[in-house]
Amino acid sequence: GAKPANGNDAGTVVQVTDDDGECKDGYYMKPLVFVDCHDDMKIVKEEIFGPVMVVLPFDTEEEVIKRANDTPYGLSAGIFTQDLGTAHRMAAAIQAGTMWVNNYNLAPTEMPWRGYKKSGLGQECGNAVINYWTQEKSIYIEMGDVDSPYP
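So for the sequence shown, UniProt numbering puts the first residue at 1; every next one is plus one.
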C-alpha cells in the first residue's frame with residue numbers, strides 16, 4: 001500500500017497534529033492529513049493502514065462515488081452526512097465491504113468483515129464467515145442390503 005512518504009513526495013501538504021507528547025513503550029505514528037491532493041496520486045489510489053487521511057474537494061455525489069470506486073481496492077469507506085437518503089445512496093454505490101456513516105472504524109465481531117476487489121481476499125467475523133470458509137456436501141448412507149432396480 002501507499003506509505004505516507006509517497007504522498008509527501010507527490011507534492012501534497014502534510015499537516016501533523018500539534019501533539020508534542022512522546023511516543024513511549026512502542027512504535028507510534030502521529031496522525032497525518034494530506035491536503036492539495038489530486039486523483040492521480042498514489043496515496044489517493046492505494047490502501048493505507050495507519051492514522052492517515054487524504055482530503056480531496058468535491059462538488060457532487062457522483063464525483064465522490066466515481067473517485068471511491070476508481071481503485072482496485074475496496075476494504076472500507078466512510079461518509080459523514082446528515083441526509084439519510086445520501087447515506088443510503090452512497091452506501092449502495094460505493095464498492096467497499098464495510099461502509100461507515102457518521103462514524104468510523106467500528107467493527108463488531110458479530111458483523112461480517114470483508115473487502116471488495118483486491119481487498120476481498122477472505123471474510124472474517126459473523127455467521128457469514130462459516131459459509132465463506134466451508135463447503136456443503138450431501139452424503140447418503142444405508143447400512144442394510146442394497147436393493148437393485150436391475151435383475
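We put the CB at the ideal spot given by N, CA and C, even for glycine.
Residues near residue i in its chain [Cβ-Cβ closer than 6 Å; skip 5 each side]
| i | result |
| --- | --- |
| Thr-71 | Lys-45 |
| Asp-40 | none |
Nearest-angstrom Cβ-Cβ length linking residue i and residue j, presumed shorter than 8 Å
| i | j | result |
| --- | --- | --- |
| Leu-32 | Val-55 | Contact doesn't hold; Cβ gap of about 11 Å is too wide. |
| Ile-79 | Ala-92 | That pair is no contact at about 12 Å. |
Reference residue i; option with closest CA among the options
| i | options | result |
| --- | --- | --- |
| Thr-60 | Asn-102, Val-52 and Arg-89 | Arg-89 |
| Phe-58 | Leu-75, Met-111, Ile-139 and His-38 | His-38 |
| Gly-97 | Val-35, Lys-118 and Asn-127 | Lys-118 |
| Ile-43 | Met-99, Ile-130 and Val-14 | Val-14 |
For residue i, the first and last residue of its enclosing alpha helix (DSSP H)
| i | result |
| --- | --- |
| Gly-84 | Residue 84 is actually Leu in this sequence, not Gly. It spans 84-93 - the alpha helix (DSSP H) in which Leu-84 sits, taken as one unbroken run. |
Bounding residues of the beta strand (DSSP E) (the contiguous stretch that carries residue i)
| i | result |
| --- | --- |
| Ala-77 | 76-79 |
| Val-52 | 52-54 |
| Val-101 | 98-101 |
Nonlocal neighbours in the same chain, by C-beta distance under 7 Å from residue i, ignoring five residues either side
| i | result |
| --- | --- |
| Ile-94 | Ile-65, Ala-68, Asn-69 and Ala-77 |
Within 7 Å, strictly: CB atoms of residue i and residue j
| i | j | result |
| --- | --- | --- |
| Tyr-116 | Gly-74 | yes |
| Pro-112 | Ala-128 | yes |
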